[in-house]
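Written out below as structure tokens is the structure these notes cover.
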Amino acid sequence: MKHPRNGIVLTVLCTLVHLTSPGNVDAQAVAKGYQDKLAEGIAHRDAGRLDRAAAAFSDAIALDASLLQAHYDLAEVRRMAGDFKGAFEALTELERRAKVQGDAWMEGRALIGMAVTHERTRDIGRAREMWLKVLAFADGHGDTAVDPKVARARIQVIDELLEREQVYIAVRERIAERQRKNQEASP
114 MKHPRNGIVL TVLCTLVHLT SPGNVDAQAV AKGYQDKLAE GIAHRDAGRL
164 DRAAAAFSDA IALDASLLQA HYDLAEVRRM AGDFKGAFEA LTELERRAKV
214 QGDAWMEGRA LIGMAVTHER TRDIGRAREM WLKVLAFADG HGDTAVDPKV
264 ARARIQVIDE LLEREQVYIA VRERIAERQR KNQEASP
């Protein structure tokens, strides 16, 4: 008669052999290295050392590009540093990878990141377009980090800014016209 523990012991031994096989040891080392680089990047970001944070996040991506958090963090520190082109590149890559992996949470974060980055570059028209994309995404993905109320509020604020800008343009044109007429009338 077999002892019930023999099956458990055999399962544990097989699992240990599997986990300590060269391929899994490498995977564990990569995972640890990734987490270490991620933690290092966060520490540098929090200390205001944005270049070092970006380097650490890039190192984490080099270790395992399929893990998405470092892509997001890299985009954030690039935006914080004023490297908007680099932020867009990282966010675009994050969105692409998140779609492929079916990670709606990170895909939503990428879209929001792009909308905010357009706002920071003062490209209000593109920011509005991106917030509309965020809103469409949110309406189709209720289980993500994207809150449709936030997207709607941002669109409303942008619309108000654009409306005011049109009023200011008309006012500036009238002022310029008066100044021109005053100069013509002056001796």
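Using this note's numbering, the first residue of the sequence shown is number 114, and each one after it goes up by one. Yeah, the Cβ is synthetic: ideal placement off N, Cα and C, and Gly gets one too. Quick caveat: nothing in here was measured; it's all calculated off a predicted structure.
Just the Cα atoms here: how many angstroms apart are residue i and residue j?
i    : j    : result
R293 : I282 : 16 Å
L224 : F197 : 14 Å
Y185 : V284 : 42 Å
A144 : A175 : 12 Å
L187 : L180 : 12 Å
D139 : R233 : 41 Å
V213 : E286 : 50 Å
A142 : R209 : 26 Å
A266 : R235 : 17 Å
A298 : Q279 : 29 Å
F250 : N295 : 53 Å
Going by beta-carbon coordinates alone, are residue i and residue j separated by less than 8 Å?
i    : j    : result
A211 : A228 : no
E153 : A178 : no
M219 : L207 : yes
L274 : I237 : yes
G221 : V259 : yes
A217 : H254 : yes
Of the choices the options, whose alpha-carbon is the least far from that of residue i?
i    : options                : result
H157 : A144, K150, A166       : A166
G199 : S171, Q182, M219       : S171
G195 : V213, L163, T205, E220 : L163
R264 : A140, V213, R233, E242 : Here the sequence assigns Ala to residue 264, which means Arg is not the residue at that position. Of the candidates A140, V213, R233, E242, the one whose C-alpha sits nearest the C-alpha of A264 is E242.
G161 : R222, F250, I268, V190 : V190
Could you pull out every residue in the same chain whose Cβ sits closer than 7 Å to the Cβ of residue i, ignoring the five residues on either side in sequence?
i    : result
D252 : P261
A173 : Y147, K150, L151, G154, A183
F201 : M227, T230
V247 : L224, I225, A228, V259, A264
D159 : none
Ordered along the chain, which non-local residues of its own chain (more than five positions away) have a Cβ less than 6 Å from that of residue i?
i    : result
R291 : none
Please go through the same chain and pick out, in chain order, the residues whose beta-carbon is closer than 8 Å to the beta-carbon of residue i, but skip the five residues on each side of it.
i    : result
R277 : none
W244 : A228, A264, R267, I268, I271
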